[in-house]
Amino acid sequence: MSSSSACTSSFGQVCAHSVGFYSTSSTSSPFNGSVVDEMGFLKSALRAGGPYLCSLPAHTVDPVLHYGAATTHQIEGYAAQVLCDLQLQYQGIRLVGRHSKVDPEPQQVTTVLVRIPNQPQPELWLRAAKDVHQLLQRHHYDRISVELIETDMFNGIYCLPVESSHSIVPKWENIVHQIMTRYPNKDEWVGLDCFRHGTSTNWSSNPVTVIIRVSKTSEKSFDADARDVHDILAEFGEAGVDVLFMKDATQPYVRAVPFEATTGSVYPGVSIGIHQSSAACSTLGGFVQLRFKDQTDWNTYAVTCFHCVYSPEVHHGDHRIDHPAPQDLRTTIASLNQSIEDLKDDYFYTSKAEIDKGKDGWLSDSARHGYEATLKWIRRLKRNGTHVQKCLTMEHTTSAMSLPEVA
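Everything in the sequence shown is counted per our numbering, starting at -11 for the first residue and increasing by one.
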């Protein structure tokens, strides 16, 4: 099948960092079942649209400067009209600028961004995206892309450590040895890791995934390689583990503090900082156990950067630390607040105004369901924000973790 330049451009960005994926367990992975047609429109289990979509993660810039408020409202109204005609529920519609965080486009991509409930309907989403795009073209809005994306996917992909109780952990060293021994061509490989990787805010719900990072300049597909690696996993009784080949890029695996990390438990992969100090911040890499000569007991030590535990003079000798670091908690609170503001778009307030009128108001069933779903999500974000704020307040008076004295 021949492909247009729009298709090539769109596919290159949408799949910029996923170059091979294999799974027998994940039905809604952001890397599973993605198809880009000859018009440049993407169809997948978590996202659909075109003719040009940024790769994820992506910045969302609001408002789009070269459109006035009236024009923006009109464009968003056209999109809402199509979605209502298709009886497709949504949680928000905004005309925004989108910008890939990795390998960003020279200019922001003007996009009608539609957040939808976490209920995969790839065929319907694709139809909706094309119908919205065609309607905009009929009204001479020719350079606007359309993106429908599940709310969880919009909020981000989480990449967090696998719990020590998982069956793959004691086998991991042998699995790595087999992969490295049996794989014939590793010239483009730059990393081999295993994480829980997915869009769910519930850490344990995301599938365990072997992530193989390859050179950013690589141009080959690694789908066959992903199947080969999965065969090795199956030999070790881990057929339920996914395999993802992705291009190497400088981006943090943990962009915000996971909710579970604010419960007072130790959480590898999350930041730590000197107690009541902004002098330094690092990451809790994990733990090692050491047994010294002439000792019978094993000693457990946390692994992190030296600057994080070597306190400035005012704290010298005090090795208490905050986990997570206060700055990351503040960043997480700001992110949650911004997400709440993003959800409260014009359609949210319009729906609220009609509902507040009581019997004198009118709202379609689809719009009412969309409003209620958005309201439910806002309440959840507020609860999480309140919990993180309590954690931040607590760290001003106590420490979440204590490290042994170091020389």
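Just so you know, even glycine gets a beta-carbon here, dropped at the ideal spot from N, CA and C.
Strand pairing of residue i, partner residues [DSSP]
{"i": "Arg82", "result": "Leu101"}
{"i": "Asp353", "result": "The partner list for Asp353 (beta bridge, DSSP) is empty, contrary to what the question assumes."}
{"i": "Val291", "result": "Gly274"}
{"i": "Ser88", "result": "Ala46"}
{"i": "Val196", "result": "Arg184"}
{"i": "Leu363", "result": "DSSP output for Leu363 lists no bridge partner at all."}
{"i": "Leu136", "result": "Ala36 and Val102"}
Through-space distance from residue j to residue i, alpha-carbon basis
{"i": "Leu83", "j": "Glu64", "result": "6 Å"}
{"i": "Ser352", "j": "Gly358", "result": "10 Å"}
{"i": "Ser(-2)", "j": "Pro172", "result": "Annotation note: pLDDT 35 at Ser(-2) (below 50); position unreliable, coordinate value reported separately. The alpha-carbon atoms of Ser(-2) and Pro172 are separated by roughly 32 Å."}
{"i": "Leu380", "j": "Gly37", "result": "39 Å"}
{"i": "Ala116", "j": "Asn325", "result": "29 Å"}
{"i": "Gln377", "j": "Ser209", "result": "44 Å"}
{"i": "Ile81", "j": "Phe233", "result": "33 Å"}
{"i": "Leu278", "j": "Thr292", "result": "16 Å"}
{"i": "Ser153", "j": "Ser270", "result": "26 Å"}
{"i": "Gln107", "j": "Tyr78", "result": "11 Å"}
{"i": "Arg368", "j": "Val100", "result": "25 Å"}
{"i": "Met119", "j": "Leu44", "result": "What sits at residue 119 in the sequence shown is Asp, not Met. Going from the Cα of Asp119 to the Cα of Leu44 covers about 24 Å."}
{"i": "Val90", "j": "Lys31", "result": "22 Å"}
{"i": "Val70", "j": "Gly28", "result": "20 Å"}
{"i": "Asn287", "j": "Val254", "result": "17 Å"}
{"i": "Gln109", "j": "Val276", "result": "45 Å"}
{"i": "Cys42", "j": "Gly85", "result": "10 Å"}
{"i": "Ala341", "j": "Glu360", "result": "13 Å"}
{"i": "Val196", "j": "Ile156", "result": "9 Å"}
{"i": "Tyr146", "j": "Asp344", "result": "37 Å"}
{"i": "Thr98", "j": "His121", "result": "12 Å"}
{"i": "Asp330", "j": "Lys235", "result": "30 Å"}
{"i": "Phe224", "j": "Thr169", "result": "15 Å"}
{"i": "Glu151", "j": "Leu76", "result": "38 Å"}
{"i": "Thr59", "j": "Leu123", "result": "15 Å"}
{"i": "Ile309", "j": "Gly261", "result": "5 Å"}
{"i": "Ser193", "j": "Gly228", "result": "13 Å"}
{"i": "Glu135", "j": "Met141", "result": "12 Å"}
{"i": "Ser327", "j": "Arg318", "result": "14 Å"}
Endpoints, beta strand (DSSP E) assigned at residue i
{"i": "Tyr146", "result": "Tyr146 to Leu148"}
{"i": "Ile63", "result": "Ile63 -> not in any beta strand (DSSP E); alpha helix (DSSP H) instead, spanning Ala57 to Asp73."}
{"i": "Phe142", "result": "Note, Phe142: premise wrong, no beta strand (DSSP E); alpha helix (DSSP H) at Thr139 to Asn143."}
{"i": "Leu180", "result": "Trp177 to Gly186"}
{"i": "Thr48", "result": "Ala46 to Val49"}
{"i": "Ala36", "result": "Arg35 to Gly38"}
Endpoints, the alpha helix (DSSP H) within which residue i is located
{"i": "Trp160", "result": "Trp160 to Arg170"}
{"i": "Thr338", "result": "Asp334 to Asp344"}
{"i": "Ile321", "result": "Pro314 to Leu331"}
Buried versus exposed, by CB contacts within 10 Å (16 or more), residue i
{"i": "His311", "result": "buried"}
{"i": "Gly56", "result": "exposed"}
{"i": "Asn143", "result": "buried"}
{"i": "Asn190", "result": "exposed"}
{"i": "Tyr66", "result": "buried"}
{"i": "Ser(-10)", "result": "Because Ser(-10) carries a pLDDT of 25, less than 50, the predicted location of this residue cannot be relied on, and the following value inherits that uncertainty. By the neighbour-count rule (16 or more Cβ atoms within 10 Å), Ser(-10) is not buried but exposed."}
{"i": "Asp282", "result": "exposed"}
{"i": "Ala68", "result": "buried"}
{"i": "Gln125", "result": "exposed"}
{"i": "Tyr335", "result": "buried"}
{"i": "Arg371", "result": "exposed"}
{"i": "Ala355", "result": "buried"}
{"i": "Arg131", "result": "exposed"}
Residue i, DSSP secondary structure in three states
{"i": "Thr15", "result": "Here Thr15 scores only 47 on pLDDT, less than 50, and its place in the model is too uncertain to base an answer on."}
{"i": "Glu223", "result": "helix"}
{"i": "Lys370", "result": "helix"}
{"i": "Ile279", "result": "First, the residue type needs correcting, since residue 279 is Arg and not Ile in the sequence shown. Arg279: coil per DSSP, three-state reduction."}
{"i": "Arg120", "result": "Rather than Arg, the amino acid found at residue 120 in this sequence is Val. Three-state result, Val120: helix."}
{"i": "Arg131", "result": "coil"}
{"i": "Gln76", "result": "Looking at the sequence itself, residue 76 is Leu, so the reference to Gln does not match. Of the three classes helix, strand and coil, the one that applies to Leu76 here is coil, per DSSP."}
{"i": "Leu41", "result": "coil"}
{"i": "His218", "result": "helix"}
{"i": "Pro110", "result": "helix"}
{"i": "Gln125", "result": "helix"}
{"i": "Asp211", "result": "helix"}
{"i": "Gln95", "result": "coil"}
{"i": "Lys419", "result": "Residue 419 cannot be examined here, being either before or after the span of the chain that is shown, -11 to 395."}
{"i": "Thr381", "result": "helix"}
{"i": "Gly358", "result": "helix"}
{"i": "Asp285", "result": "coil"}
Closer than 8 Å to chain D by CB, residue i
{"i": "Ser133", "result": "The displayed structure is made up of one protein chain only, and chain D is not part of it."}
Heavy atom of the ligand MG within 7 Å of residue i beta-carbon
{"i": "Pro195", "result": "For the structure depicted, the ligand MG is absent and the ligand set is empty, with no information on it obtainable."}
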